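Participant:
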């Protein structure tokens with residue numbers, strides 16, 4: 519009963535510490551659905567972005583373009599490398615110099631490019647190729663549980 523007061527996600531007994539990895543993976547999958555970030559738009563306002571609806575982030579001139587599943591787009595301040603680092607724990611991957619994609623919305627992958635659920639094709643950067651394949655495979659394995 520006490521767990522409800524502190525909004526506990528799971529209870530793991532000391533005797534069963536091997537359950538930690540599964541519990542953490544489950545927690546992060548659940549929390550990705552609820553994750554909200556804020557970015558500063560081009561006129562100084564704050565834009566609320568729900569990560570479960572974010573398809574990709576791409577560079578657009580000196581701004582970042584946040585493309586949502588429904589086609590809406592937001593232009594915000596920021597650097598793509600820093601944004602990629604902050605989004606990576608939530609199922610996003612920096613596939614090349616200009617794009618961060620939501621792994622959840624990848625429809626297909628081949629050796630050179632990915633296709634997103636909206637039909638957009640994005641080339642996989644040579645520098646990121648091997649790491650992307652490893653990360654995407656790991657993510658798919660975890661999301662099938």
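Numbering (this note's numbering), first residue to last: 519 to 663. We put the beta carbon where it would ideally sit given N, CA and C, even for glycine. Note that the structure is a prediction, hence the values are computed from the model and not measured.
Roughly how many whole angstroms lie between the Cα atoms of residue 574 and residue 533?
Facilitator: In a straight line, the C-alpha of residue 574 is about 42 Å away from that of residue 533.
Participant: With the cut-off set at 8 Å, would you say residue 484 and residue 567 are in Cβ contact?
Facilitator: Here the chain covers residues 519 to 663 and nothing more, so residue 484 does not appear.
Participant: Beta carbon of residue 528, beta carbon of residue 541: below 8 Å?
Facilitator: Yes. Within cutoff.
Participant: Just list the residues that DSSP pairs residue 564 with in beta bridges.
Facilitator: Looking at the DSSP assignment, residue 564 forms a beta bridge with 558.
Participant: For residue 635, count neighbouring Cβ atoms within 10 angstroms of its own Cβ and tell me buried if that reaches 16, exposed if not.
Facilitator: Exposed, since its Cβ has fewer than 16 Cβ neighbours within 10 Å.
Participant: Output the distance between the C-alpha atoms of residue 544 and residue 654, rounded to the nearest integer angstrom.
Facilitator: Rounded to whole angstroms, residue 544 to residue 654 spans 17 Å at the Cα level.
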